[in-house]
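Inspection log for the structure reproduced underneath, given as structure tokens.
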Amino acid sequence: MLTEFPGTALAESTVRNHVRERRRAMGLVRRETFVPQSYGLGQEAQVDWYEAWADLGGERTRVQVFAMRSMASGAAFHRAYLHATQQAFLEAHEGAFAYFGGVFRVLRYDNLASAVRKILRGHRREETVRFVAFRSHWRFAAEFCTPGEGHEKGGVEGEVGYFRRNHLVPVPAVADLDALNALLLAGCRADEARILDGRREAVGLAMAAERDHLLRPAAEGFELAEVAFPLVDKQGCVTVKTNTYSVPAQAGSRVEARVYPLHVELWQGGRRIARHERCHGRRQQVLDLEHYLDVLGHKPGALAGSRPLEQWRQTGRWPACHDVLWDRLRARHGKQNGTRAMVAVLLLGREFGEERLRAAIATAVSLGASDVAAVRYLLGEAVLHKARPTPVEIGELARYDRPMPSVADYDTLLLSSPCAGTA
389 MLTEFPGTAL
399 AESTVRNHVR
409 ERRRAMGLVR
419 RETFVPQSYG
429 LGQEAQVDWY
439 EAWADLGGER
449 TRVQVFAMRS
459 MASGAAFHRA
469 YLHATQQAFL
479 EAHEGAFAYF
489 GGVFRVLRYD
499 NLASAVRKIL
509 RGHRREETVR
519 FVAFRSHWRF
529 AAEFCTPGEG
539 HEKGGVEGEV
549 GYFRRNHLVP
559 VPAVADLDAL
569 NALLLAGCRA
579 DEARILDGRR
589 EAVGLAMAAE
599 RDHLLRPAAE
609 GFELAEVAFP
619 LVDKQGCVTV
629 KTNTYSVPAQ
639 AGSRVEARVY
649 PLHVELWQGG
659 RRIARHERCH
669 GRRQQVLDLE
679 HYLDVLGHKP
689 GALAGSRPLE
699 QWRQTGRWPA
709 CHDVLWDRLR
719 ARHGKQNGTR
729 AMVAVLLLGR
739 EFGEERLRAA
749 IATAVSLGAS
759 DVAAVRYLLG
769 EAVLHKARPT
779 PVEIGELARY
789 DRPMPSVADY
799 DTLLLSSPCA
809 GTA
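What the sequence shown shows, in the numbering used here, is residues 389 to 811, in sequence order.
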């Protein structure tokens, strides 16, 4: 073009348009033609993840939203998570099955890592072990799109765009993830009143008609937790998925770790001994000071610089009133014994609960107390406190009321006393 028109200033868009036209004229560009599809009731649903933003507790947060859309009724289910883990992926399926009232015979996916371990020739896939177990439990078949061909699940792609525009713009402001999911579920319910283009009945009516054609849910849910059996190390921690979590168990013993979408549970001897919020980083430590209190009773000097205490401060579980009481105990009993007394105070949380202990410490500090017994008394007083009974209406019995007697007559005895008037 510059050869034909020297000195001409060409915009990038002009060059792109010219190249596009030349490619079309040379037969190098072919527009693919798609065949419209029809879907039987309960036959197929399409699944996808998408990103969205929400203000959770005043903080702008990027969330991962799971979507499942029925191709026959057009109804859809959306649920948000902080991370698109396999546990979240499976849990969201069960939420969708409950929403639709049954299980679709076929679910269509991208080649997401939660389900696909390896892409083979054509539409064949090597699926992950847990996904195979999951779909076998719920008795549905999985189909996967050709890589790069998102139009093969265009139904859920269009649903995501519609739902985002109507329920996630502007950015929703809610207290936490549970509140966000309540908002998303309300949006799903509201969309049941829609009438899709080319249809005569609302989505909700079609969804109700489809329910009888879905596979019946399994009698019991699938065990969503990923289970491992790590050893407790010398720092009282176990390693779960590259991160370490504290546990109140003997070093060298083995515990059962159950990994869920949002938390990690640690079990031993048939009972749960610890529960942590799940950490999605790598090589991080998640420590609970309560798990180290027995050790700190013997090693009080380790408390001040401990990482569990630091994490309690960061998460708000160690308020300022704790430091005030700790300072008073050290001033009264000395550094070692004062810290040991503070540990004894913290151990009361096992009996009365952490929230009530914080309230009792705050009250003790406000009263100027600096004693373990004072905190225990306040905790016990809260348990024994009873509200005043409401006065009973006595009706006609009120006629038997008599005025309180006067004690003024006793003054005459004082006046007649031999000692009266003497200094």
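C-beta atoms are modelled at their ideal positions from N, C-alpha and C, and glycine is treated no differently.
Indicate the three-state DSSP secondary structure (helix, strand or coil) for residue i in the structure shown.
{"i": "I749", "result": "helix"}
{"i": "A811", "result": "The predicted position of A811 is uncertain, since its pLDDT is 48 and thus under 50; a value taken from the coordinates is nonetheless stated next. In the structure shown, A811 sits in coil (DSSP, three-state: anything other than H, G, I, E or B)."}
{"i": "C625", "result": "strand"}
{"i": "N631", "result": "strand"}
{"i": "R582", "result": "coil"}
{"i": "H710", "result": "helix"}
{"i": "S694", "result": "coil"}
{"i": "H466", "result": "strand"}
{"i": "K687", "result": "coil"}
{"i": "L556", "result": "coil"}
{"i": "T449", "result": "strand"}
{"i": "E653", "result": "strand"}
{"i": "P394", "result": "coil"}
{"i": "E743", "result": "helix"}
{"i": "A529", "result": "strand"}
What does DSSP give as the partner residue(s) for residue i in the beta ladder?
{"i": "S401", "result": "Partner(s): none; S401 has no beta bridge."}
{"i": "I782", "result": "Looking at the DSSP assignment, I782 forms no beta bridge with any residue, so it has no partner."}
{"i": "K541", "result": "Note: K541 sits in no beta bridge, so no partner."}
{"i": "F454", "result": "W437 and R467"}
{"i": "R646", "result": "V615 and E653"}
Beta-carbon within less than 6 Å of residue i's beta-carbon, same chain only, minus the 5 sequence neighbours each way: which residues are those?
{"i": "V520", "result": "none"}
{"i": "D759", "result": "none"}
{"i": "A522", "result": "Per the sequence shown, the amino acid found at residue 522 is Phe instead of Ala. Closer than 6 Å at Cβ, skipping near neighbours: L478 and F610."}
{"i": "L460", "result": "Here residue 460 turns out to be Ala, not Leu, going by the sequence shown. Only Y427, L429 and E598 meet the Cβ criterion."}
{"i": "T778", "result": "none"}
{"i": "A708", "result": "none"}
Applying the 10 Å Cβ sphere with the 16-neighbour rule, what's the burial state of residue i?
{"i": "A472", "result": "buried"}
{"i": "P649", "result": "buried"}
{"i": "E598", "result": "buried"}
{"i": "A811", "result": "For A811, the predicted model reports a pLDDT of 48, less than 50, meaning its position is unreliable; a value from the coordinates is still stated below. Under this definition A811 is an exposed residue."}
{"i": "R553", "result": "exposed"}
{"i": "N405", "result": "exposed"}
{"i": "I782", "result": "exposed"}
{"i": "H679", "result": "buried"}
If residue i sits next to residue j, beta carbons under 8 Å apart, how far is it from one beta carbon to the other, in whole angstroms?
{"i": "L602", "j": "F488", "result": "6 Å"}
{"i": "L385", "j": "L734", "result": "Residue 385 lies beyond the range of the chain shown here (389 to 811); nothing can be said about it."}
{"i": "V674", "j": "N631", "result": "6 Å"}
{"i": "G543", "j": "Q434", "result": "5 Å"}
{"i": "A747", "j": "L713", "result": "The pair is not a contact, with the Cβ atoms about 13 Å apart (cut-off 8 Å)."}
{"i": "E580", "j": "A570", "result": "Between A570 and E580 the Cβ distance is about 16 Å, and since that is not below 8 Å, they are no contact."}
{"i": "A645", "j": "G624", "result": "Contact flag wrong, Cβ pair sits at about 14 Å."}
Got a sec? Which residues, its chain only, sit under 7 Å from residue i by beta carbon, not counting five neighbours each side?
{"i": "D564", "result": "L444 and G445"}
{"i": "P688", "result": "Q724, T727, R728 and V731"}
{"i": "R764", "result": "L736"}
When every heavy atom of the ligand FAD is checked, does at least one fall within less than 7 Å of the C-beta of residue i?
{"i": "L416", "result": "The ligand FAD is absent from the structure shown, which contains no ligand whatsoever."}
Once the 5 residues before and after residue i are set aside, which same chain residues still bring their CB inside 8 Å of it?
{"i": "H511", "result": "E531, F532 and T534"}
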